[in-house]
Structures are given as C-alpha cells and as structure tokens.
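Participant: Okay, handing you the structure first.
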C-alpha cells in the first residue's frame, strides 16, 4: 500500500470513527434522557412502567441480535466542552446487566449482573477526555470510588473544583459527579468499537485497506489448490463459492432459501481442515445461532457468544470441557475413524472393482484378506477395547518371526503368550549395550530399594498414592523446604497473612517505585533538605512585599546552596515540591517496612518479597491441593523435611526408569516392587533368549502395546488382525457406470448414505488433528531444554505459560479474567483450542484484543445489515475477509446504524471484491413462492426444484371493507386471526403472521387476546422490520394499508417508501415454505404510477398474487418425454409434467395422490452430475417413492420398462 493510499484509508477511517463517536445531544450515551431511566427514587408505578419498557427493548435486541443493551449506570458526570455553555449529563461508568421477569405470584423484575465485575468507563467520554482534556481514563475500574478519586485528583492538580451530588434534577453550574444509579438500554457496544479506531487509523492492515478500495484488490491466489468438498452435501453453486472463498476475498450473495447458513458452516469446517482460525460475525443472533447449531459436532472447537450475562461463565465452562478432552488420550474408535474416512470416501467415488486393488492401509487387497479368512475359522471379536491394531503390513511381515519367538519362549516359561512377558517393557537400547544383564539387574535392584523406602514413607504419613502423585509430593515439599518457617502462612490462600502480604507487598513495591522516581528528580541536590528546612523556606517564599523578599533572600540562597541546578523565583516552588514528595514517600516506605517486619516477619522486603512471590509461582505450577494438604498437617515440618530429602532419590529412580524401560511398567509403587521381583526371578531365562528379545523389542511400539493388551496365542491374534482389516475394507460398490436408472439410483442412495458417515468421520478427523497438535505441544513441554533449539525453547515457554493460565482460569468458579485479557495472554494456544469465534460485530472490541491479523479469516453474515463502521474492527483482526449477504434484503437496523445514511458493509465493498452467488433455492415447496422475487430481484438466476405439492401455494384474500384508521386495519386483523384459528385447529402450528407496520402487528395481537386464542410456540407475530432470517410453513400477511374513512387511498407505506423499501418486501415475500396468504384491502389497480420502487414492487406483487401467475409447461416438448406422456395418458395415468428449464432443475412426471415422482434423464445438464445425489435426497424427503428412468433403460428393454412404470404409478 502506497503512502498516498494509506493516507486515504486513514482519512476514511477517521470519518467512520466519528460516526461511532456521536458527540451530540441526540446520543443517549452522551446526553441521557432521564425519562427513559429507572432510579430507586421513582414511585412504584412510574418505575414499574419504565422498567417494563426497558425490559421489552432488552428482550427484542436479545432475541434479534444476541446483544446486551441493558446497563446499570453507577455514576453520571455533568460536564461541558471548552468554550461551550451547554452541560452534558453522561453515564460515567456502568456494568452490563440483564433484567429478568418473574411472575410466579406477583409481577416483579430481577436484575442480574456478573459477580465481581468491573465498572466500565463510558468509551465516548474516555475518547473525548483524552483528546480534549488530556485526561487518560482507564477502560474499567474495580470500584466507583477509585474512578471518583482519579478524577478528583486531576481536578485538584489543576486547582479546579469537581462537585459531588446525588441528584440529576438540578442544572449544574460546574462539573460534578452524580452518585446515583440508574437502569436503561443503550447501544453501548457500538461506542466500544470506536476505541479500536485509534490504533487501526495509525496502522491499517491490508484487509481494511482492500475493503475500503485501496491496496491490492482481491487478486486470486492461484497457489491455492481445489479444496476437497466431495463428501459434503453441496450443490454446484455452493461448492463454487467455497472454492472462491479459499482463493480470495470475496462477496457471497445468498438469496433467500439458498442454503447460506449451510454453506457458511461447511466453509468454516473447510478452513479448519486447513488449520486456519475463523472469526464469524453477524448482527443477527439467529444467523449466529443457526451456523453454531450446524457445527454442533465441532462445538468443542468453537467460542460462541450470545447475549447471556452468563456468557463469560459459559465460555470458561466450555473451555474447561475442551481442555479436559484434549488431555485425554484418543479413544480407539476415534483413531479408527481417522483411518475409515479415506476408506468411505474411496467407496463413495470409486466403486469399480476396488476389491482387487492393493489398499495402502493394509498393503494388500481385500481379496487376499478374504482368502485367508475363508481358510481359517472366524472367531468372535474379543480384543481389548483400548487396543490400536498394528499396521497390517507390519504385522504380516513380522508374524512368522513372532511365531518363532513364541515357540522359544514356550521352552522356558509356563505361559507362551508374548503379552504376558514382563520384558516387553524393556528398552531395546539397554540390550544393545555390552554385558547388559548385570546393568539391568543392578538398576532394578537399586530402583526396588528406592521404592521400598518410598513405600515406608507412605505408610508413615498415611499415604497410598500412585507414582505420579508421590513425585509431586516430593517436588512440592522440596519447594516448601526453601521457605523460612515464619512465612508459611503467607503461602496459604485461606490464611489472613496471605491477604495481608498481598496488600502490603503491592503497596511497598508501588511506593518503592514512586520513591525511586521521586529520588531521580532530586539528583541535583548534594544533600537533601529535611522537613523542617523545607517548611522554613516555604514560609520565607510566601512573604510578600519588596523589603520582606529582600530580607529573606540570603536565607533562601543558603537553602539552595547544596542544589547544583539552576533555581529561579519561577521554579523554586517546583523544586521544593519535588523534595517534599521524596521525603513523604521515604516516610511511607519506612512505615511499610515496619509493618512488614512486625506483621509478617519480613526484615529485608526488597529481597524477601520477590523471593516469596517466586515460591508462590513455583507452587502454582504444582498441584494446589497437594501443598494445601502438606501445610495443613500437624507434622507439616517433618513431612516437608522427609519428602524434600527424597527428591534426589526420586530423580535417580526416574533416571533408572527412563534408562531401562520404553514405558513405565506400572503407576503403582507396590506393583512396581512385584514387577521387579518377577523380572529378577526370570533373569536367567531372559539371558538365554537375548537374541529373540532383541528381535521382539525392535518391533514398533504399536505392535508391542497390542501384544501386551491382548495376552493370547499369536494364531488367535492373527485371526483377529485379519478380521479387523477385512471388516474395515469389505464394503465395496457393485454398480459400474449408468447402465440403468435403478443401478444409478442405488449407487446414488449408497453414495448419500456413505457421505453422511464420511462427514461424521471427517468431523472426528478434524478433532483428531487439533488433538494431535495439542499432544505435540505437550510432548515439546516434556522435552528437556538441552535437546531443544532456541526457537523451540521459546515455543515451550509460551505453551507452558498459556496452558497454566487457561487451566487456572477454567478451574475457577467465578471472578474469571475478562475474555479479552485471557486472549491477550494465551493467544498462542487459545486459537488452537478454540479456532472458531462467533459473535456480534459490536462485541468484537469487548471480547478480542486489538491485534492486527489475529485471525486467518473473518466471515460476515447478513452483511447487508452491518454498517461498514461496525465491521472495521473485525476486518482489522483478520488476514482475509468473506462477506456474505444479499443486497436485495434488509439494510442496517436504525438502532445499530450511526445515522440514517449509514452504508452497509455489503454495499461498501461491492465495488472492490468479486462476487459469487448461491443459486439453488431450497425453502419453498412450490416454485410459485419464490418466482416473483426470482423475477423482480434475482434476474431469474435462482434454480428451483419441481413442486412438492399440487395445490397453488399463494392465496389472495381481498378485504374490500377494510379501512386504514390510526395506523390500523381492524377488518384485516379479524380475518387474519380467524384464518390463524382455522390453521391451528387443523393441526398447523408453524405459522408466521407479518404486518406491514408495528401498529397493525399490535392490533393483531390485541385481536388474538380478545378472542382468547392460545398461541403455541411455533406461531410468530412480527412486522416488516424484524423478519429477516425467519421461515415458516405458513405465512399470513396483513398489508393493512387501505382507503381511509373518506375513501382516499394515501400512498404512504411507512418503511416501504424509504430507501431500500423494496428490499423489505423481498424479505417478506420469501419467508413461506408451504403457503403464503395475503390479506389486503387494496388491489393492484388501486395504485397510481410512482417513481418509488418500493411502492411499484408492492403493486406488482399484488398483481402476481391476484392472478396466480406461474409459468410451467403442461405439454411435453421433447421426443422422449412426449412419448412417455402419451403412454401414461393411454393407460389412464393422469400425471403432472414438469419440464426442465433455466429455473426448474429436472424433468419429471408427478402423481401427487400417491406421492410418487419419476425423474427422466436427470443429471445431464448444468453441472447436475455433481448435484444429482442432493436432488435425490431432497426428493426422498418429500415423496413416498422416487424412480429414475434413463434412455438406456428404454433402449435395452422397452416392454419391461413400461410394466415397471405402470406398476410404479398404480
């Protein structure tokens, strides 16, 4: 990016920041509207009414956007800008809350806030104060008093007055803090975004520059190969947009019902397959929720934020689950799924003759496995479930040698099973040394004597721990042994001294730092004056009058005699103030030293404080409960001394263990003694079998572990291994090519079944990939530093620090670190544990650190509703951007738009990014439900399936008596409620009632209440502004607008007359799945010509609904379909024929009565060969019977096909 482009980007970003920081009295976060807040001092009636309004607003934004808007204001500030007369009354600090309604007996409200949360500072004030007043407020304060003290100190330093009051109803004469709490709803998160702009403006990244039209415009990355999407249920357009998204920054146009959320979910999974981190954002809570639900099998990898006050707690709860799952070893079936993925994928795409192909998983063919199993007796599977089978090639190549070893062992031992041999744990390198058996004997005896001593000590202190816990006791005791016995209490968190130490040590270190800074400012004094000398000279300096100053001049000169710097009458006061500050801090430091000495026994705090903190840190790395257990014992001192003494012996035992064994034989101390006895007892026969043992131990660990877990004869195990791999590979396809419709149909059905298994396995494979990454880090953590490069040492340190923090925070019950701080401190591995983060764009600044290119990809959904200024902080945090939306749908909501002219993200980037579109429409059961929008908005680009129902899906109900009075149409409301009641009684509950205006929505609700109709959960009542993202089986629309009492039809349709009004209509017309019923008091002929697009679209839609206009062919136009049609009519089979066209995907004959559909030559056009399996799956979900007919069927046996068709359409 050139300097000129950078300056242009910075100018544009500054404009967007101003939009976020609205410094005007219209902004309620700057100038409160008191009548919209609730205070304790309000009367019960007034408070209850206001609280109900606040509650309703809160619930609306929670439901629609997943966004908290309710705040408890802790303090208000009455202030004004320089050279301005008007005072603002602004929220100064706040905490997010949720208001909950409880109506068990009487209606009351409950305020829920996070326990131990900080008071957040109003971000607008923070920005203004820094720029205008050079006052740098912190982002948050632990207490309100801390914030008040900070401001008071600033005012005192400037000799200004800051008043304090508890009332808001007085016009202020000067700045003052109002110590009064209030509750209200604010779009406060939008202001938080503005704080990010300071850094973004200074150094915008390529993503921000690109999407603002500067820098490199989305050049395709040709180095990115095709992403393997073969086993995902995706149509051609969905695959195309995902491929595009991997190559470049792109806009994905997602018209209604085209599987946008489904595509996003698979896109996210495909990025995860490449090891990339993803930030997914949307203004709409429903959009986040749907994608989150579609990724349910991967939710351990996702950090999802909804609107709950408990979402931080929920995040840590889920983080703990993820950490616990990562620590566990992979289960056998998960490992096998990793192997099975490629097998199933192979079956799905390569049916022909796979049985004779040499398979890379087995180094042999399925045929060879079957030959062996036929010649042998198949037995029941009785393998240890923890077993991981050895690789077949390894097993088969070593099998004969293993048989010989088994025979030799049988000559010396009672058991001939290799798995029973204790020597299997031995380290092969030991046997390769000179005279190994004496070394082995000596080391085992030494280890045994150490273990006996360990066991003795365990009995003495009433312990019965495994080796790992015992080792931790030793290490903990060793650390505690370093500590002065008088300081033990400062290490116990529950002890009073622990808290006292924290308080005093922090104060001491802070005071010490301030003292050193003050001392540095007085370095020009040869000898620092004392308090008495300073007070004396201050008196002299305060003398007024010429003769008085002249008289005191000599005394003042003597005072500054030891000061080597320049002093004048102008700077003498500042020099003296610096001296006073140092003297006061020295006095405070001396006082703190005395407290530390008398209360905690700390003599030399400069050294001893850091030592104690270091010990605490080391203990924190160990098991907290262990050192608590040690310190709580009556004989704690003796325990510490005894176990500390054992630390060196523990190191020696570990050294022996690592030297002798490839893995520890047992975790139990007593069992190890028994193991040692058994090993020593059989030492002589082991020596005789040295060569055989070397050969055995040179086998892969996977094979040795398999033998140990399954102590059975090798012939038995051999059959099990063959059976396992035969069972893994025996599934194979039989249909080759398109020889018949039935064969194709069977292949496609099997393919669809296989895909579901593969997708499930692929998700497990993805988890395995992240699990293995974690295990690699843990292996690095266990590697001694001397074996690591400098780079890996740094990597190890980062991992250890981050892991420690994450585990510590995840185990807490409350008072967790803010998620943003956690991310900052543990980003190194947090994005490995949680590579996907989902949230509203307004929560970005609150949840995520401000770091350039923090994520590999950011995906915006419903981007037509996201103002561009809201998107910038998310763009800055990502290397790549995918913008998903539909420019023919809803613009940004007024609550979130900075002003009425806010441009959406989608509109802002359309000039600069390439566009890929989704084209298949899945929602509507009948093409007529989408045809109007397809013609008016999408230029006939949407592809549709044949009608799933015979009945025409659009009903127009004319209400000629309807009148539009006071924003309502009572006649329409009554009819629409009557229709609702009829549908409910018929057993239909998935219903949406949508009014054009809020007033008509409320009118319909009132009518339902008056008629005492109980609404089931599936019924939605809304208005034009709040319907994007919903879909219902039945949509009932109340146009509402009509002629008034005077018979005049005024063409004022509220938001439809506004900019993008037609887009609101497009959303409305595309919500129905099965039927759309329009109640309208006007006809299309009642409309006048207008240059308003929204009005004209409404007129055209009414015409479409009135005329039942839907284009389809009743007569076949092609030879084969015409031949079939004649055959059906001759045999009295009255079927509906649908001809393939630009919009309709397939040619078919349908019998709706028997719910059967015949597909004729499907999959031959428009890339359908890639999508036929999806078409088939959808048709199976809608029709009882589906049949495919090909040309080849007719040519091979026409008479047979005729009989089959007559039987099919009985």
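Numbering (the numbering used here), first residue to last: 8 to 1217. Every residue, glycine too, gets a C-beta built ideally from N, C-alpha and C. As the structure is a prediction and not an experimental result, all values here were calculated from the model.
1) Can you tell me whether residue 265 is buried or exposed? The criterion is at least 16 other CB atoms within 10 Å of its CB, across all chains shown.
2) Span of the alpha helix (DSSP H) holding residue 926?
3) Quick check: the segment 1019-1027 against the segment 1047-1061, are at least 3 beta-carbon pairs closer than 8 Å?
4) Taking 8 Å as the cut-off, does the segment 919-934 touch the segment 257-274 (at least 3 CB pairs, one atom from each stretch)?
5) Can you find a CB in chain D that lies within less than 8 Å of the CB of residue 1099?
6) Would you kindly work out how many angstroms separate the C-alpha atoms of residue 193 and residue 300, rounded to a whole number?
7) Output the distance between the C-alpha atoms of residue 703 and residue 660, rounded to the nearest integer angstrom.
8) So if DSSP puts residue 532 in a beta bridge, which residue, or which two residues, is it bridged to?
9) Can you name the start and end residues of the alpha helix (DSSP H) that residue 172 belongs to?
10) Starting from the N-terminal side, write out each stretch of the beta strand (DSSP E) that is 3 residues or longer and does not extend beyond the segment 73-134.
11) Along the chain, where does the alpha helix (DSSP H) that runs through residue 1070 open and close?
12) Relative to the C-alpha of residue 1206, which candidate in 1131, 15, 1193 and 1159 has its C-alpha closest?
13) Are residue 977 and residue 1001 touching if we call contact CB-CB under 8 Å?
14) On the criterion of 16 or more Cβ atoms from any shown chain inside 10 Å, does residue 640 qualify as buried, or is it exposed?
15) Mapping the DSSP letters down to three states, classify residue 767 as helix, strand or coil.
16) Just mark residue 20 as buried or exposed, buried being the case when its beta carbon has 16 or more other beta carbons within 10 Å.
17) Give me the residue from 1032, 535, 817 and 413 with the minimum Cα distance to residue 720.
18) Which residues does DSSP list as the beta-bridge partners of residue 865?
19) Is residue 77 near residue 39, with beta carbons less than 8 Å apart?
20) Would you mind reading off the limits of the beta strand (DSSP E) that contains residue 1192?
21) Tell me whether the segment 875-887 and the segment 1065-1082 touch, counting them as touching only if at least three CB pairs, one residue from each stretch, are closer than 8 Å.
22) State the start and end residues of the unbroken beta strand (DSSP E) segment that holds residue 221.
23) In this structure, does DSSP put residue 1021 in helix, strand or coil?
24) Classify residue 1035: buried if its beta carbon has 16 or more other beta carbons within 10 angstroms, exposed otherwise.
25) For residue 1243, which residues in the same chain have their Cβ closer than 6 Å to its Cβ, ignoring the five residues on either side in sequence?
26) How many Å lie between residue 528 and residue 543 at the Cα?
27) Verify whether the separation of the beta carbon atoms of residue 823 and residue 323 is less than 8 Å.
28) Taking the alpha-carbon positions, what's the residue 507 to residue 601 distance?
29) Find the nearest neighbour of residue 1027 within the set 1128, 370, 995 and 646, judged by alpha-carbon distance.
30) Just reading off the alpha helix (DSSP H) that residue 485 is part of, what are its end residues?
31) Which residues in the same chain as residue 215 place their Cβ atom closer than 8 Å to its Cβ, once the five residues preceding and following it in sequence are excluded?
32) Going along the chain, which residues of its own chain have a beta-carbon closer than 8 Å to the beta-carbon of residue 460, five neighbours each way excluded?
33) Can you find at least 3 beta carbon pairs, one from the segment 616-630 and one from the segment 534-549, that sit closer than 8 Å?
34) Under 8 Å, do residue 431 and residue 614 count as touching if we go by C-beta distance?
35) Which two residues bound the contiguous beta strand (DSSP E) that contains residue 1030?
36) Could you tell me how far apart the beta carbons of residue 290 and residue 873 are, in whole angstroms, since I believe they sit closer than 8 Å?
Facilitator: In this structure, then:
1) For the purposes of this step, residue 265 is identified with residue 258 of the chain shown, where counting begins at 1. Buried, by the Cβ-count rule.
2) Indexing the chain shown from 1 puts residue 926 at position 919. Looking at the DSSP string, residue 926 is not in any alpha helix (DSSP H), and its letter there is neither H nor E.
3) The segment 1047-1061, when compared against the segment 1019-1027, does not touch it at the 8 Å Cβ threshold.
4) In short, these stretches touch, since the Cβ pair count reaches three.
5) Of the protein chains in this structure there is only one, and it is not chain D.
6) Against the chain shown, residue 193 aligns to sequence position 186. Against the chain shown, residue 300 aligns to sequence position 293. Near 29 Å, if we compare the C-alpha coordinates of residue 300 and residue 193.
7) As a first step, residue 703 is located in the chain shown; it is residue number 696 there, counting from the start. As a first step, residue 660 is located in the chain shown; it is residue number 653 there, counting from the start. Their backbone Cα atoms lie some 26 Å apart in a straight line.
8) Working through the chain shown from its first residue, we reach residue 532 at position 525. Residue 532 has 570 as its beta-bridge partners, per DSSP.
9) Your numbering for residue 172 matches position 165 in the chain shown. Taken as a continuous stretch (DSSP letters only), residue 172 belongs to no alpha helix (DSSP H), being part of the beta strand (DSSP E) at 170-172.
10) List check, beta strand (DSSP E) in window: 77-86, 95-109, 115-120 and 126-128.
11) Here residue 1070 refers to the residue found at position 1063 when the chain shown is read from its first residue. Per DSSP, the unbroken alpha helix (DSSP H) holding residue 1070 starts and ends at 1068-1076.
12) As a working note, residue 1206 is residue 1199 in the chain shown. Distances from the CA of residue 1206 to each of 1131, 15, 1193 and 1159 were compared; the closest alpha carbon is that of 1131.
13) Looking up residue 977 in the chain shown gives position 970. Looking up residue 1001 in the chain shown gives position 994. In this structure, residue 1001 does not lie closer than 8 Å to residue 977 by Cβ.
14) Within the chain shown, the letter at position 633 stands for residue 640. When all chains shown are included, residue 640 counts as exposed.
15) Mapped onto the chain shown, residue 767 falls at position 760. The answer is helix: DSSP assigns residue 767 an H, G or I state.
16) Taking the chain shown and counting its residues from 1, one reaches residue 20 at position 13. Counting the other CB atoms within 10 Å of its CB gives residue 20 a total of 16 or more, which places it among the buried residues.
17) Working through the chain shown from its first residue, we reach residue 720 at position 713. In terms of CA proximity to residue 720, 413 leads the group 1032, 535, 817 and 413.
18) On the chain shown, position 858 is the one that residue 865 refers to. DSSP output for residue 865 lists 286 and 888 as bridge partner(s).
19) On the chain shown, residue 77 is found 70 positions in, with the first residue counted as 1. On the chain shown, residue 39 is found 32 positions in, with the first residue counted as 1. Result no, Cβ atoms of residue 77 and residue 39 do not sit closer than 8 Å.
20) Numbered from its first residue, the chain shown carries residue 1192 at position 1185. Counting along the chain, the beta strand (DSSP E) containing residue 1192 begins and ends at 1192-1196.
21) Judged by pairs of C-beta atoms under 8 Å, the segment 875-887 does not touch the segment 1065-1082, as fewer than three such pairs exist.
22) For the purposes of this step, residue 221 is taken as the residue at position 214 of the chain shown. If you look at residue 221, you'll find it isn't in any beta strand (DSSP E); DSSP assigns it neither H nor E.
23) Residue 1021 sits at position 1014 when you count from the first residue of the chain shown. Residue 1021: coil per DSSP, three-state reduction.
24) For the purposes of this step, residue 1035 is identified with residue 1028 of the chain shown, where counting begins at 1. Buried, since its Cβ has 16 or more Cβ neighbours within 10 Å.
25) Only positions 8 to 1217 of the chain appear in this structure, which leaves residue 1243 out of reach.
26) Position 521 of the chain shown, counting from 1, holds the residue named residue 528. Position 536 of the chain shown, counting from 1, holds the residue named residue 543. Whole-angstrom Cα-Cα distance: 21 Å.
27) Position 816 of the chain shown, counting from 1, holds the residue named residue 823. Position 316 of the chain shown, counting from 1, holds the residue named residue 323. Yes; because the gap between Cβ atoms is below 8 Å, this pair is in contact.
28) Locating residue 507 in the chain shown gives position 500, where the first residue counts as 1. Locating residue 601 in the chain shown gives position 594, where the first residue counts as 1. Spanning the two alpha carbons is a distance of roughly 14 Å.
29) Numbered from its first residue, the chain shown carries residue 1027 at position 1020. Closest option to residue 1027, Cα to Cα, is 995.
30) As a working note, residue 485 is residue 478 in the chain shown. 474-487 is the extent of the alpha helix (DSSP H) around residue 485.
31) Start at 1 with the first residue of the chain shown, and residue 215 comes out as number 208. Correct list, in chain order: 16, 20, 207, 879, 882 and 883.
32) Numbered from 1 along the chain shown, position 453 holds the residue referred to as residue 460. Within the same chain, residue 460 has close Cβ partners 653 and 656.
33) No: the two stretches stay apart, fewer than three of their Cβ pairs being nearer than 8 Å.
34) In the chain shown, the residue the question calls residue 431 occupies position 424. In the chain shown, the residue the question calls residue 614 occupies position 607. One thing to note: residue 431 has its Cβ no nearer than 8 Å to the Cβ of residue 614.
35) To locate residue 1030, count along the chain shown from 1; it is residue 1023. Taken as a continuous stretch (DSSP letters only), the beta strand (DSSP E) holding residue 1030 covers 1026-1030.
36) In the chain shown, the residue the question calls residue 290 occupies position 283. In the chain shown, the residue the question calls residue 873 occupies position 866. About 5 Å; that satisfies the 8 Å criterion.
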